[in-house]
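Chains Y and H are the protein sequences, given in the same order.
Numbering-wise, the first sequence is residues 1 to 191 according to full-length UniProt numbering.
Numbering-wise, the second sequence is residues 1 to 191 according to full-length UniProt numbering.
Ideal placement from N, C-alpha and C gives every residue a C-beta, glycine not left out.
Computed from a predicted structure; not experimentally measured.
2 protein chains.
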Amino acid sequence: MGKAEDTKARLERAALTLFVARGVAETTTKEIAMAASVAEGTIYRYFPSKEQLALDLFLRHHQGLAEALTEAQRPAKGLRAKIEAIVRCYCEWADRDWTLFAYHLLNQHSFLIQVPDGMANPVTVVRDVISQAMKAGEIPKRNVDLAAASAIGVVMQAATYKVYGRFTGDLSDHVRFFADAAWAVLSVKEK
Amino acid sequence: MGKAEDTKARLERAALTLFVARGVAETTTKEIAMAASVAEGTIYRYFPSKEQLALDLFLRHHQGLAEALTEAQRPAKGLRAKIEAIVRCYCEWADRDWTLFAYHLLNQHSFLIQVPDGMANPVTVVRDVISQAMKAGEIPKRNVDLAAASAIGVVMQAATYKVYGRFTGDLSDHVRFFADAAWAVLSVKEK
DNA sequence: ATTTTATAAGTGAGTAATCACTCAATTTCA
DNA sequence: TGAAATTGAGTGATTACTCACTTATAAAAT
Chain Y
1 MGKAEDTKAR LERAALTLFV ARGVAETTTK EIAMAASVAE GTIYRYFPSK EQLALDLFLR
61 HHQGLAEALT EAQRPAKGLR AKIEAIVRCY CEWADRDWTL FAYHLLNQHS FLIQVPDGMA
121 NPVTVVRDVI SQAMKAGEIP KRNVDLAAAS AIGVVMQAAT YKVYGRFTGD LSDHVRFFAD
181 AAWAVLSVKE K
Chain H
1 MGKAEDTKAR LERAALTLFV ARGVAETTTK EIAMAASVAE GTIYRYFPSK EQLALDLFLR
61 HHQGLAEALT EAQRPAKGLR AKIEAIVRCY CEWADRDWTL FAYHLLNQHS FLIQVPDGMA
121 NPVTVVRDVI SQAMKAGEIP KRNVDLAAAS AIGVVMQAAT YKVYGRFTGD LSDHVRFFAD
181 AAWAVLSVKE K
């Protein structure tokens, strides 16, 4: 890794850690610089602004996750298998870089509206899979967004609880449960 | 309503609306005052600081919701009925004052650690109900926090989607589905 | 090899703007 | 008429960002 790239990576990691620990607005450029062992001015050699740095970090993870989920579910046949593939991929992303994952999870509200049109999107991937399965008659037809939200919530709220420290250990340890639970949610029948 | 109480209520409502629309850190005291049609200084006759105002709003809803959930589930017999009572109560709170609800939902990260020990807590209520049901053998035994997170996620993620505008209409319209889905999550068997 | 030159990387004091909060003066109203 | 409520200009502190300058790196010329 070149010197410049190393500096940029150090800045991103320092910012990430602070953003998760104290929030984006509450983190100062001086703190980021100190944590990365550079002067404040150096930040602006690599990023046009603090906000852009924060957005870059978000979008990179957002797009990367979306593409990984797309690839993960593609070879799987049938909704049940696709769900498991998606859940496994998601949990592995979370466990691989928990700080980045937590940052993405905690700051969706701020950045989701700034996702460029056409950029790969984790939510869309899941929605499309569910929509297909409804058309194919694999699960009961209902409001797709509602069903997707509830199914996704099964995993995301567990991840959120881990961020809050309410439970510990790898998310991946619970892939089977999450997949079964999401499947159960989507299979709920109108009575 | 007295004049002072009216001013205080207007300030709270103005702050709430702005906090949801733009975030707490991004909302200035000047904006809050303008939205409430008072001078900036008036804020400080009713609240010691902007942060305390934000915390007050959060804690009042947090505690109110926890107490309502406790009452709602008490008379219900059996987990299935308790779940439905909890879900219905939660959705009604959301629909009754959506701005306050959205504020609470979007700012848990910042305020949850500041909840005083012993204060009624929505999460604890649900956790206890699930824990009881596991002990009673109504549902399979597993990590209570994990199960609670996934069950709660079914409803909370749907609420989050509504905040993002991904779907519209009252949450209460889907109580039956949420309850069925949460029940299905908790009933998932180890294989 | 040594010096010169060019470019990239890094620095940190300084700047302009913002913002939460104060307080002396004014208005409201019982 | 006195207490309570309100006002808004003022204050001190903070902060994102700039920029003139220094240092490191490497290529080119001698």
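Minimum C-alpha distance to residue i - residue among the options
i                     : options                    : result
residue 113 (chain Y) : H:30, H:45, H:4, H:21      : H:21
residue 275 (chain H) : H:76, H:47, H:95, H:78     : Since the first residue of chain H shown is 1 and the last is 191, residue 275 (chain H) is not available in this structure.
residue 11 (chain Y)  : Y:164, Y:111, Y:53         : Y:53
residue 61 (chain Y)  : Y:41, Y:115, Y:39          : Y:115
residue 143 (chain H) : H:154, H:131, H:137, H:136 : H:131
residue 166 (chain Y) : H:99, H:67, H:145, H:90    : H:145
residue 67 (chain H)  : H:81, H:84, H:93, H:29     : H:93
Whether residue i touches residue j by CB criterion (9 Å)
i                     : j                     : result
residue 151 (chain Y) : residue 106 (chain Y) : no
residue 65 (chain H)  : residue 122 (chain H) : yes
residue 182 (chain Y) : residue 88 (chain Y)  : no
residue 14 (chain Y)  : residue 35 (chain Y)  : yes
residue 110 (chain Y) : residue 24 (chain Y)  : yes
residue 153 (chain Y) : residue 119 (chain H) : no
residue 149 (chain Y) : residue 160 (chain H) : yes
residue 184 (chain Y) : residue 184 (chain H) : yes
residue 79 (chain H)  : residue 139 (chain H) : yes
residue 29 (chain Y)  : residue 3 (chain Y)   : no
residue 31 (chain H)  : residue 175 (chain H) : no
Cβ-based neighbour list, residue i, same chain, cut-off 6 Å, excluding 5 preceding and 5 following
i                     : result
residue 141 (chain H) : 134
residue 103 (chain H) : 16, 19, 20
residue 168 (chain H) : none
residue 108 (chain Y) : none
residue 27 (chain Y)  : 18, 19
residue 98 (chain Y)  : none
residue 91 (chain Y)  : 171, 172, 175
residue 216 (chain H) : Absent from the model: residue 216 (chain H). The displayed extent of chain H is 1 to 191, so no value can be given.
Chain-order list of residues whose beta-carbon lies under 7 Å from that of residue i (same chain, five-residue window excluded)
i                     : result
residue 95 (chain Y)  : 170, 171, 172
residue 42 (chain H)  : 7, 33
residue 163 (chain H) : 102, 105, 106
residue 55 (chain H)  : 111, 114
residue 63 (chain H)  : 119, 120
residue 147 (chain Y) : 130, 186
Proximal residues to residue i (C-beta, below 8 Å), its chain only, five neighbours per side dropped
i                    : result
residue 86 (chain Y) : 69, 72, 73, 125, 126, 129
residue 37 (chain H) : 10
Tell me the start and end of each unbroken alpha helix (DSSP H) in the region 40–85 of chain Y that is at least 4 residues and wholly inside, in chain order.
-> 40–46, 50–73
Members of the region 73–105 of chain H near chain Y, C-beta cut-off 8 Å = none
Whole runs of the alpha helix (DSSP H) within the region 110–153 of chain Y, excluding any shorter than 4 residues | 122–135
Residues of the UniProt domain "HTH tetR-type" (5–65) of chain H with Cβ closer than 8 Å to any Cβ of chain Y, in chain order | 23, 25, 26
Could you run through the region 143–158 of chain Y and flag, in chain order, every residue whose CB is less than 7 Å away from some CB of chain H?
-> 143, 145, 146, 149, 150, 152, 153, 154, 156, 157, 158
If you measure beta-carbon to beta-carbon, which residues of the region 175–190 of chain Y are closer than 9 Å to chain H?
-> 176, 177, 178, 180, 181, 182, 183, 184, 185, 186, 187, 188, 189, 190
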